[in-house]
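Each residue of the sequence shown is one higher than the one before, starting from 1 at the first, in full-length UniProt numbering. Don't be surprised by glycine CBs; every beta carbon is placed ideally from N, CA and C. Remember, it's a predicted structure, so these values are computed and weren't measured experimentally. These notes are about the structure you will find just below.
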Amino acid sequence: MTPPPLVLLAHGSRDPRHAATVQALRAGVAGRRPGLRAEVAFLDFNAPRVSAALGALAASGEREAVVLPLLLTRAFHAKTDVPAALRAAAARLPRLTIRTAGVLGPSPLLRAALERRLTEAGVHDRASTAVVLAAAGSSDPEATAEVERLAREWQRAGGWWAVRPAYASARGPRPAEAVTALRTAGAPRVAVAPFALAPGRLPARIAAGSAEADTVADVLGAAPELAELVLRRYDEAVVAGRRLKGQARQKPSLAGV
């Protein structure tokens with residue numbers, strides 16, 4: 001059975017590195033799963049938009065697709081923008097079954113990717129390093145709670161001097177405030193770990209607010225852990241889709257009743 005194609009749906013950004021990073025992640029996913037058709041799409045700023053990407057799949061003869069939102073938490077985009085865009089696409093493409101995979105977080109693989117980026121940035125002594133987990137920020141309490149839970153779990157399991165969340169927008173503290181607070185608390189070294197998928201406006205804010213940190217890691221980008229996580233979410237969506245198909249076949253027909 002040919003696997004349904006995967007569409008990696010990113011937010012999009014005017015920063016050209018954003019789309020390039022998403023394409024690099026797509027290449028990493030495709031390299032791990034030969035035979036899987038993997039495409040990219042964007043909600044805004046970049047092409048192709050998700051409706052165009054899905055339309056191209058339908059035009060090529062595909063009858064099913066899995067759309068995976070490249071989002072780290074279930075915030076506004078996951079709950080509002082993505083469903084709206086996919087509803088509109090489904091209305092225009094009635095012969096294409098569109099399945100939505102879960103967002104990336106939460107997952108231990110995200111923590112592993114964060115640690116990879118810190119190591120690449122030269123952070124090795126965890127016991128003397130405090131980490132600022134710098135997220136984009138959201139007014140959605142579920143998304144904020146997820147970032148705070150990740151910070152707590154990472155500190156407990158990672159052996160860091162401390163791990164503190166910070167946000168580039170919406171609520172505080174800002175990254176600069178978190179760096180200052182950790183310095184005041186006596187942290188020997190402070191590193192900032194951007195909890196962001198690709199370069200863009202909010203990751204740029206994180207970088208600008210991290211000037212007083214000893215180290216600023218790169219965004220998660222095309223880390224191998226991200227490619228593995230994408231495939232896990234894809235597989236989960238495929239299994240759920242098969243289960244739904246099986247349930248539909250098992251329902252008794254009401255014809256003639």
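TODO: Would you be able to state if there are at least three C-beta pairs under 8 angstroms between the segment 164-178 and the segment 228-242?
DONE: No: the two stretches stay apart, fewer than three of their Cβ pairs being nearer than 8 angstroms.
Task: Collapsed DSSP secondary structure at V216 in the structure displayed - done: The residue you call residue 216 lines up with position 216 of the sequence shown. Strand, per DSSP.
Task: Backbone CA spacing between R74 and V82 [nearest angstrom] - done: As a first step, residue 74 is located in the sequence shown; it is residue number 74 there, counting from the start. As a first step, residue 82 is located in the sequence shown; it is residue number 82 there, counting from the start. Rounded to the nearest angstrom, the two C-alpha atoms are 11 angstroms apart.
Open item on the list: Using only the alpha-carbon positions, how far apart do T129 and A213 sit?
Closed with: As a first step, residue 129 is located in the sequence shown; it is residue number 129 there, counting from the start. As a first step, residue 213 is located in the sequence shown; it is residue number 213 there, counting from the start. Each residue's Cα considered, the two are about 11 angstroms apart.
TODO: Please go through the same chain and pick out, in chain order, the residues whose beta-carbon is closer than 7 angstroms to the beta-carbon of G256, but skip the five residues on each side of it.
DONE: Counted from its first residue, the sequence shown places residue 256 at position 256. Below a pLDDT of 50, predicted positions are generally treated as unreliable, and G256, at 36, falls in that range; no measurement from the model is reported.
- [ ] Give the C-beta separation of P5 and R33 to the nearest angstrom, bearing in mind that I take them to be a contact with Cβ-Cβ under 8 angstroms.
- [x] In the sequence shown, residue 5 corresponds to position 5, counting from 1. In the sequence shown, residue 33 corresponds to position 33, counting from 1. The pair is not a contact, with the Cβ atoms about 11 angstroms apart (cut-off 8 angstroms).
Open item on the list: Please return the same chain residues whose Cβ sits closer than 7 angstroms to the Cβ of residue 258, not counting the five positions on each side in sequence.
Closed with: Here the chain comprises residues numbered 1 to 257, so residue 258 is not present and cannot be evaluated.
Task: Local conformation of T2 per DSSP, three classes - done: Counting from one through the sequence shown, the residue named residue 2 turns up at place 2. When secondary structure is reduced to three states using DSSP, T2 falls in the coil class, being assigned neither helix nor strand.
TODO: Helix, strand or coil for P194, going by three-state DSSP, please let me know.
DONE: For the purposes of this step, residue 194 is taken as the residue at position 194 of the sequence shown. In this structure, P194 counts as strand in the three-state DSSP scheme.
- [ ] Keeping to the same chain, check which residues put their C-beta closer than 7 angstroms to that of A207; ignore five residues upstream and five downstream.
- [x] Mapped onto the sequence shown, residue 207 falls at position 207. Spatial neighbours of A207 in its own chain (CB-CB distance under 7 angstroms, excluding positions within 5 residues in sequence) are listed in chain order as V216.
TODO: Reducing DSSP to helix, strand and coil, say where T97 ends up.
DONE: Against the sequence shown, residue 97 aligns to sequence position 97. Strand.
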